[in-house]
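Asker: Numbering (UniProt numbering), first residue to last: 1 to 113.
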Amino acid sequence: MSETVAQPVTLSTSAVKRISSILAKSDGHPSLRISVEGGGCSGFSYKYDLTEAREDDDLVIETDGARVLVDPVSLVYLEGSVVDFVDDLMGQSFQIRNPNAVASCGCGTSFSI
Numbered sequence: 001m002s003e004t005v006a007q008p009v010t011l012s013t014s015a016v017k018r019i020s021s022i023l024a025k026s027d028g029h030p031s032l033r034i035s036v037e038g039g040g041c042s043g044f045s046y047k048y049d050l051t052e053a054r055e056d057d058d059l060v061i062e063t064d065g066a067r068v069l070v071d072p073v074s075l076v077y078l079e080g081s082v083v084d085f086v087d088d089l090m091g092q093s094f095q096i097r098n099p100n101a102v103a104s105c106g107c108g109t110s111f112s113i
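1. Helix, strand or coil for residue 97? Go by DSSP, reduced to three states.
2. Quick check on residue 24: buried or exposed, where buried means 16 or more other Cβ atoms within 10 Å of its Cβ?
3. From the DSSP secondary-structure annotation, give me the bridge partner or partners of residue 47.
4. If you draw a straight line from the alpha carbon of residue 22 to that of residue 57, how long is it in whole angstroms?
5. Roughly how many whole angstroms lie between the Cα atoms of residue 79 and residue 45?
6. Going by DSSP, what residue range makes up the beta strand (DSSP E) through residue 59?
7. Which of the three DSSP states is assigned to residue 14 in this structure?
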């Protein structure tokens, strides 16, 4: 009997669609790298980059043409998070629902633990 292992970071359906669309329009075989950096108005900020560079210790999430990379240091801060893509009256953006964040800024790109 096989067990299903939960991913430490998951992608919403809308995030998968948007990431797939972005990657399909890019040259080469890029991935979306999501990382956490020090800074921002709440202490840490999320960073998004298109890259073809994949490290051996990266978490790789692949679903329906969406490929996301997370480095091990950032994974500590992102454990249990859901990456979402929101398209509303305020605009379009990736948003991360992070259960580790105790506070975040109004723009949703900065958080504290």
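A virtual CB, placed ideally from N, CA and C, is assigned to each residue, including glycine. Model, not experiment: these values are computed from the prediction.
Answerer: In terms of the structure at hand:
1. The three-state reading of DSSP puts residue 97 in strand, counting E and B together.
2. A residue is called buried once 16 or more other Cβ atoms fall within 10 Å of its Cβ, and residue 24, having fewer, is exposed.
3. Paired residues: 35.
4. Each residue's CA atom was taken as its position, placing residue 22 and residue 57 some 24 Å apart.
5. If I take the Cα positions, the gap works out to 15 Å.
6. Here the beta strand (DSSP E) through residue 59 covers 59-63.
7. Looking at residue 14 - three-state DSSP - the assignment turns out to be helix.
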